[in-house]
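Those letters in the sequence shown? Residues 24 to 178, per the working numbering, in order.
Right, one structure below, let's go through it.
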Amino acid sequence: MQEVLNGSEPYNVNHQDGLGNTALHYAAATPSPDALSLLLDLDETDVDLQNRLENATPLHLAVRLDNPAAKQGVIGMLLDAGADPSIKDKHNLRVLDYLRPQSSDTDKEIVQMLRIAMAERTTGGDRVDAVRNNPDLANDDDDDSEGEGSGSESD
């Protein structure tokens, strides 16, 4: 792959095959961290292209990885490259919707990563440090007792 990227022949890093998958889709689904790094280092790589088969982005394919460490690593790399976790596939599901945080610590950590990424996209990164420094802000599994809160509710 490095030879193609460094070669004199023109190439389209976002070329889609018959199924609509790009090299990034395959690197995310395999997973291939070296290929993923090479592709993500290219400015022209579109991290949010959806394939034709399932309207899946590379993030959608990464969330299906069986190895928890690989899944978390690939998703982290894609998010760091600016992948949009709010894109829905043909089933109208976001990457977040495929995770099972109640049964997997890795999925719980990935949910937090996705929530932070969504907050960054929404706020332009302004308040993300507050979320990173207080993981409870990114966790919607709060078990607040009755009577706690801001007290701004009127009876």
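Even for Gly, the Cβ is constructed at its ideal location relative to N, Cα and C.
- The beta-carbon separation of residue 101 and residue 51, rounded to 7 Å, stays under the 8 Å limit for a contact.
- Fewer than three beta-carbon pairs drawn from the region 62-73 and the region 86-96 are found closer than 8 Å, and the two stretches are therefore not classed as touching.
- Collapsing the DSSP output to three states places residue 101 in a helix.
- For residue 130, the enclosing alpha helix (DSSP H) begins and ends at 128-146.
- The C-beta of residue 80 has 16 or more other C-beta atoms within 10 Å across all chains shown, which makes the residue buried.
- Bounds of the alpha helix (DSSP H) holding residue 84 are 81-85.
- Cα atoms of residue 147 and residue 34: separation of roughly 32 Å, rounded to the nearest angstrom.
- With a beta-carbon spacing of about 5 Å, residue 93 and residue 54 fall inside the 8 Å limit used to define contacts.
- The three-state secondary structure of residue 34, taken from DSSP, is coil.
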